[in-house]
Amino acid sequence: MIRLFVGLALPDALRDALAGLHAPIPGARWVPRENLHLTLHFIGEVDGHMAEEAAVALGHVDAEAFALTVEGVGQFGSRGRVRALWAGAARNEALERLQGQVESACRRLGLGGDGRRFLPHVTLARCPDLPEMRVAPFFAAHSGFAAPPAEIEAFALFSSTLGSGGPVYRVEASYPLAGGAGRWAELAAEWADTDGADGAIGG
Numbered sequence: 001m002i003r004l005f006v007g008l009a010l011p012d013a014l015r016d017a018l019a020g021l022h023a024p025i026p027g028a029r030w031v032p033r034e035n036l037h038l039t040l041h042f043i044g045e046v047d048g049h050m051a052e053e054a055a056v057a058l059g060h061v062d063a064e065a066f067a068l069t070v071e072g073v074g075q076f077g078s079r080g081r082v083r084a085l086w087a088g089a090a091r092n093e094a095l096e097r098l099q100g101q102v103e104s105a106c107r108r109l110g111l112g113g114d115g116r117r118f119l120p121h122v123t124l125a126r127c128p129d130l131p132e133m134r135v136a137p138f139f140a141a142h143s144g145f146a147a148p149p150a151e152i153e154a155f156a157l158f159s160s161t162l163g164s165g166g167p168v169y170r171v172e173a174s175y176p177l178a179g180g181a182g183r184w185a186e187l188a189a190e191w192a193d194t195d196g197a198d199g200a201i202g203g
């Protein structure tokens, strides 16, 4: 069995900007700079045959390259407790079309994910049920965060396996977007063997 998700690897400049948000919050586990990504669709555990079918199906996605703007910070949690910190993606019709096509391709194979509404974001940190007051200074300091637009030229099918230092991501298949400048091969190579946080819908 293999654990899969579909997502965007982020250009260096955007990862630098996001890594600059890291702050000394006791109990927060920050995602390493090199592993920051935006999840388009979480597939989960599948066998090798289904993984191959998913890789082929995603090759039929027909979408264009686009500029991604990441701005603002937020949190996941409830009842005054925080589970994760994230940076959001500005509304982007091209991103929404890409995500819709990816989701449709996966659903046709019965790989529907967990049914949550797509909220495009980049997970910055995992928090083991921290009280909101502990992360309040982070939001006060970064409420106006906005990174320069980043050109997104491809998306990828990633696998995630648990390593000694956390999950290890690997690009299983990559898919250039129409109109991109062809730098995706460089990004894919960087992601061949990296440790990172676990994939979740949108981040």
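Per the working numbering, the very first residue in the sequence shown carries number 1; after that it's consecutive. Glycine included, C-beta positions come from ideal geometry on N, C-alpha and C.
A straight-line Cα-Cα distance of about 26 Å links Leu68 and Gly44. Bridge partners of Pro148 according to DSSP: none are assigned.
Taking a C-beta distance under 9 Å as the contact criterion, Ala13 and Pro120 do not qualify as a contact pair.
Distance from Phe5 to His60 at the Cβ level is roughly 18 Å; contact not present, criterion being Cβ atoms closer than 8 Å. Around Arg33, the same chain offers Arg15, Asp16, Leu18 and Ala19 as residues with beta carbons nearer than 8 Å, after the five sequence neighbours per side are excluded. Scanning its chain for C-beta atoms nearer than 7 Å, with the 5 sequence neighbours on each side dropped, one finds around Pro128 the residues Gly27, in chain order. A buried status is given to Val135, since no fewer than 16 other beta-carbon atoms sit within 10 Å of its beta-carbon. Assignment of Gly110 by DSSP, reduced to helix, strand and coil, places it in the coil class.
In the three-state reduction of the DSSP assignment, Pro176 falls in the strand class, which pools E and B. With a cut-off of 8 Å on Cβ pairs, the region 87–98 is in contact with the region 51–65, counting three or more such pairs.
DSSP places His49 within a helical segment (H, G or I) once states are collapsed to three.
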